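If you read the sequences in order, they're chains A and B. Be aware that the first sequence starts at 1, since it is given in our numbering, and climbs by one per residue. Be aware that the second sequence starts at 1, since it is given in our numbering, and climbs by one per residue.
There are 2 protein chains.
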Amino acid sequence: MKNPITINDIAFELGVSKSTVSRALRNEPNVKKEVRSKILAFAKEKGYTRNEYAINFRNKSTKIIGIVVPEMITSFYVNFITRIQSILYAKGFHTIISISNENPDIEKDNLLMMESYRVEGILISACHNKKNIDIYRRLIDKGIPLIFFDRTIDELAVPKVKIDDYIKSFFMMEYLIRSGRKQIIHLAGPSYIQNTLERKNAYRDALEKFHLPFNQENIIESGVNFEDGEKAMEAFMKKQIPFDAIFCFTEMSALGAKSFLQKLHYSIPEDVAICCVSGTVLSSLVYPTMTVIEQPVELMADYCVELLMEKLDNMDGPNRTVVLEAKMIIRDSTKVDE
Amino acid sequence: MKNPITINDIAFELGVSKSTVSRALRNEPNVKKEVRSKILAFAKEKGYTRNEYAINFRNKSTKIIGIVVPEMITSFYVNFITRIQSILYAKGFHTIISISNENPDIEKDNLLMMESYRVEGILISACHNKKNIDIYRRLIDKGIPLIFFDRTIDELAVPKVKIDDYIKSFFMMEYLIRSGRKQIIHLAGPSYIQNTLERKNAYRDALEKFHLPFNQENIIESGVNFEDGEKAMEAFMKKQIPFDAIFCFTEMSALGAKSFLQKLHYSIPEDVAICCVSGTVLSSLVYPTMTVIEQPVELMADYCVELLMEKLDNMDGPNRTVVLEAKMIIRDSTKVDE
DNA sequence: TTGAAAGCGCTAACAT
DNA sequence: ATGTTAGCGCTTTCAA
Numbered sequence: 001m002k003n004p005i006t007i008n009d010i011a012f013e014l015g016v017s018k019s020t021v022s023r024a025l026r027n028e029p030n031v032k033k034e035v036r037s038k039i040l041a042f043a044k045e046k047g048y049t050r051n052e053y054a055i056n057f058r059n060k061s062t063k064i065i066g067i068v069v070p071e072m073i074t075s076f077y078v079n080f081i082t083r084i085q086s087i088l089y090a091k092g093f094h095t096i097i098s099i100s101n102e103n104p105d106i107e108k109d110n111l112l113m114m115e116s117y118r119v120e121g122i123l124i125s126a127c128h129n130k131k132n133i134d135i136y137r138r139l140i141d142k143g144i145p146l147i148f149f150d151r152t153i154d155e156l157a158v159p160k161v162k163i164d165d166y167i168k169s170f171f172m173m174e175y176l177i178r179s180g181r182k183q184i185i186h187l188a189g190p191s192y193i194q195n196t197l198e199r200k201n202a203y204r205d206a207l208e209k210f211h212l213p214f215n216q217e218n219i220i221e222s223g224v225n226f227e228d229g230e231k232a233m234e235a236f237m238k239k240q241i242p243f244d245a246i247f248c249f250t251e252m253s254a255l256g257a258k259s260f261l262q263k264l265h266y267s268i269p270e271d272v273a274i275c276c277v278s279g280t281v282l283s284s285l286v287y288p289t290m291t292v293i294e295q296p297v298e299l300m301a302d303y304c305v306e307l308l309m310e311k312l313d314n315m316d317g318p319n320r321t322v323v324l325e326a327k328m329i330i331r332d333s334t335k336v337d338e
Numbered sequence: 001m002k003n004p005i006t007i008n009d010i011a012f013e014l015g016v017s018k019s020t021v022s023r024a025l026r027n028e029p030n031v032k033k034e035v036r037s038k039i040l041a042f043a044k045e046k047g048y049t050r051n052e053y054a055i056n057f058r059n060k061s062t063k064i065i066g067i068v069v070p071e072m073i074t075s076f077y078v079n080f081i082t083r084i085q086s087i088l089y090a091k092g093f094h095t096i097i098s099i100s101n102e103n104p105d106i107e108k109d110n111l112l113m114m115e116s117y118r119v120e121g122i123l124i125s126a127c128h129n130k131k132n133i134d135i136y137r138r139l140i141d142k143g144i145p146l147i148f149f150d151r152t153i154d155e156l157a158v159p160k161v162k163i164d165d166y167i168k169s170f171f172m173m174e175y176l177i178r179s180g181r182k183q184i185i186h187l188a189g190p191s192y193i194q195n196t197l198e199r200k201n202a203y204r205d206a207l208e209k210f211h212l213p214f215n216q217e218n219i220i221e222s223g224v225n226f227e228d229g230e231k232a233m234e235a236f237m238k239k240q241i242p243f244d245a246i247f248c249f250t251e252m253s254a255l256g257a258k259s260f261l262q263k264l265h266y267s268i269p270e271d272v273a274i275c276c277v278s279g280t281v282l283s284s285l286v287y288p289t290m291t292v293i294e295q296p297v298e299l300m301a302d303y304c305v306e307l308l309m310e311k312l313d314n315m316d317g318p319n320r321t322v323v324l325e326a327k328m329i330i331r332d333s334t335k336v337d338e
């Protein structure tokens with residue numbers, strides 16, 4: 001890369017001091033009009049660009065926010081990031097994005113990288129509710145605000161933005177039961193994600209409320225991806241467990257489950273409901289018969305920024321938890337009221 | 001944020017010079033063993049982290065690569081980024097990702113931001129084949145290598161990684177015609193994307209080869225998104241153009257088209273083929289009856305890195321163009337050999 | 001094997 | 001309104 005032009009070069013060429021150049025470039029008021037325009041014109045002509053590294057280094061402020069997400073397959077996190085970027089950009093922040101790929105080690109590496117890059121805050125959806133707790137704590141101790149969203153961790157005293165997982169899962173179960181399902185199996189998430197437990201509890205409690213038998217056999221714990229859903233469904237089929245509805249942890253695993261059934265040429269009867277929490281736009285559109293609970297991704301992004309700004313103002317401020325209402329979208333032949 | 005500990009602090013505390021600390025921290029050989037371990041232990045205890053800004057500033061090397069993509073809805077770019085990140089990470093590079101959202105102005109802003117951040121190279125899939133050409137040129141003139149992939153621009157003398165759009169589109173048309181379709185309509189892409197023209201040409205040439213009538217009416221130019229596909233389909237239906245196959249520019253627009261037909265309760269006959277270029281994993285799985293041309297995303301990522309490294313070594317080296325073979329995946333009731 | 005010193009590009013306090 | 005100067009954290013000569 002060619003050596004970029006600096007304020008020193010400009011100062012030298014125009015016979016002014018570099019402070020004047022610096023002031024002109026930053027639109028400080030106390031620069032004579034002609035001098036300023038001379039400087040700006042010259043800078044533009046020579047293609048001057050601020051050296052962010054020198055500036056950040058000097059100012060000890062980076063204006064960079066780190067975003068850590070476990071995956072980018074579903075559109076949820078993509079939409080989240082898109083919105084976050086546009087909000088933060090308007091506030092003069094840039095972002096570094098890291099995709100953990102559901103791997104705590106990658107997450108850890110990326111967090112350390114972000115620390116080196118002196119990010120001023122981190123928005124994170126954790127990929128594991130135990131493994132990196134020490135790192136999270138360390139970063140917070142160093143004064144970097146961490147805001148958790150979606151996949152939060154209860155035992156951490158940090159600002160959080162979550163959805164009403166339990167309640168909405170419970171409603172979904174109620175809806176399934178009320179529409180006549182008696183054999184609802186649960187394709188649960190992995191134990192290392194906190195949301196898994198909340199949804200499992202909702203599954204169990206809803207059955208209990210309606211005096212339906214709760215059977216541990218009817219729950220299979222799986223991962224969050226398409227392949228995980230396929231495998232879980234395979235396991236269910238092997239065990240020959242009858243079902244008239246499948247309550248899935250994620251939309252991807254739901255799609256995997258359905259795909260597996262299709263591969264078996266098992267035609268899914270109209271009255272077998274497949275539903276899941278955390279719907280994505282894409283599959284909702286593609287997949288007209290799957291009831292989903294859709295997370296309010298824009299709202300979540302907005303609150304994340306709000307909580308982040310609070311912490312940036314005052315690191316010792318309170319750690320608010322915002323719980324957002326999710327929306328159940330029924331796309332099922334046997335519709336009931338929400 | 002608390003003031004992070006620096007090598008000066010360490011040097012002062014341990015009574016050595018900061019050069020020694022710097023050397024120890026960077027594993028330079030000429031540091032006495034005991035001193036080194038003392039320094040490392042102290043650094044670890046105090047939670048020392050390199051200040052990347054000071055280092056980059058001093059070394060004039062950032063080890064950051066910018067990635068610019070037009071969207072992240074389809075999994076293509078997500079997969080691309082994931083793979084790029086893992087390869088570059090292994091080579092000691094980090095990445096800044098920007099999503100243009102199909103908007104050349106946003107793309108421009110982000111490119112300028114990347115310039116300020118002194119990225120050492122940029123991988124870009126352009127969202128418009130004209131609008132930002134000046135910016136691209138300027139960055140290249142400044143010595144920042146730009147590697148174009150997927151949505152490339154012919155008139156720019158830069159390294160490129162593209163797929164054999166024309167050929168594969170032609171094959172797809174041949175396949176449709178050979179399987180008996182006579183009324184193939186084309187839901188084309190927008191004119192500002194270069195690939196649009198290649199696919200349109202393939203559409204026309206294939207019809208010509210088989211002496212089928214080519215009718216401008218049978219092409220509707222649309223955007224790349226789901227909604228664009230819906231609108232285009234609506235327009236086709238309004239014009240009452242009969243069809244037995246739809247050749248779509250993107251998978252998203254294909255999904256939109258199909259969704260629109262479904263909303264009309266227009267049941268798509270088995271022998272109406274919907275097919276598209278640039279398939280994503282998700283919808284291929286969800287959507288068993290859509291023939292797609294799948295882009296070799298991993299290979300594309302690998303070549304991008306290869307071309308980037310070449311340019312990084314020698315900015316004046318040749319501008320290679322790599323053309324990758326795409327794969328037609330027939331998911332149609334009336335199968336034929338590829 | 002170590003230390004002293006210069007300097008990367010920029011900003012801000014201070015002086016003029 | 002402008003210039004002078006010091007210094008941010010680090011690496012890298014050069015000297016010891």
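Built from N, CA and C at the ideal position, the CB exists for glycine as well. Values in this document were obtained by computation on a predicted structure and should not be read as measured data.
At a Cβ-Cβ threshold of 8 Å, M328(B) and M114(B) do not count as neighbours. Under the three-state reduction of DSSP output, S98(A) falls in the strand class.
CA-to-CA, the gap between N56(A) and T62(A) works out to about 5 Å. If the five residues before and after S17(A) are omitted, its C-beta is found closer than 8 Å to the C-beta atoms of A11, all from its own chain and listed in chain order. Counting only residues of its own chain and dropping the five nearest sequence neighbours on each side, V78(A) has a CB closer than 8 Å to the CB of M72. For the pair P242(A) and V224(A), the Cα-to-Cα distance works out to about 23 Å. By the neighbour-count definition (other C-beta atoms within 10 Å, threshold 16), L264(B) is an exposed residue. Minimum Cα-Cα distance from Q216(A) among the listed residues K130(A), H186(A), A257(A) and I124(A) corresponds to H186(A).
In terms of beta-carbon proximity, E115(B) lines the interface with chain A, with at least one pair separated by less than 8 Å.
In this structure, I106(A) keeps its C-beta atom at 8 Å or more from the C-beta atom of I97(B). One alpha carbon belongs to P4(A), the other to E221(B), and they sit about 43 Å apart. Listed along the chain, the chain B residues whose CB falls inside 9 Å of the CB of I122(A) amount to none; the nearest CB is some 12 Å away. Taking C-beta atoms as the reference points, P70(A) and R151(A) count as a pair closer than 8 Å. K91(A) sits in coil when the DSSP states are folded into three classes, being neither helix nor strand. Residue environment: E251(B) is assigned as buried (16 or more neighbouring CB atoms within 10 Å of its CB, all protein chains considered). Fully enclosed alpha helix (DSSP H) runs of no fewer than 4 residues occupy 226-238 and 251-263 of the segment 220-267 of chain A, in order along the chain. Contacts with chain B at 8 Å (Cβ-Cβ) do not include T250(A). Put simply, the CB of V21(B) is far from chain A, with every gap to its CB atoms at 8 Å or more.
Taking 8 Å as the cut-off, the Cβ atoms of R118(B) and Y53(A) count as close. Per the C-alpha coordinates, the member of L312(B), V292(B), F170(B) and I133(B) positioned closest to A157(B) is I133(B).
Bounds of any beta strand (DSSP E) do not take in T49(A), whose DSSP letter is neither H nor E.
For F93(A), same chain residues with a beta-carbon under 8 Å away, outside a window of 5 residues either side, are K63, I64, I65 and E120 in chain order. Interface residue (Cβ-Cβ distance to chain A less than 8 Å): V31(B) is not classified as such. Put simply, of G180(B), V292(B) and A24(B) the residue whose alpha carbon is nearest the alpha carbon of R50(B) is A24(B). Taking a beta-carbon distance threshold of 8 Å, R36(A) does not count as an interface residue toward chain B. Rounded to whole angstroms, the separation of the alpha carbons of N319(B) and R26(A) is 38 Å. Look at E52(B): its C-beta is under 8 Å from a C-beta on chain A. Considering only N59(B), I135(B) and E13(B), the residue with the shortest C-alpha distance to L40(B) is E13(B). Three or more Cβ pairs closer than 8 Å define a contact, and the segment 81-95 of chain B falls short of that threshold against the segment 153-170 of chain B. With a threshold of 8 Å between beta carbons, K142(B) makes contact with chain A. Neighbours of K2(B) in chain A, taken as residues at a C-beta separation under 8 Å, are given in chain order as K142 and G143.
Cβ atoms of I219(A) and C248(A) stay farther apart than 8 Å, at about 11 Å. By the rule that beta-carbons nearer than 8 Å mark a contact, S75(A) touches chain B.
The continuous beta strand (DSSP E) containing I67(A) extends over residues I64 to V69.
In this structure, the beta-carbon distance from L146(A) to I153(A) does not fall below 8 Å. Chain A places no beta carbon closer than 8 Å to that of M233(B), leaving this residue out of the contacts.
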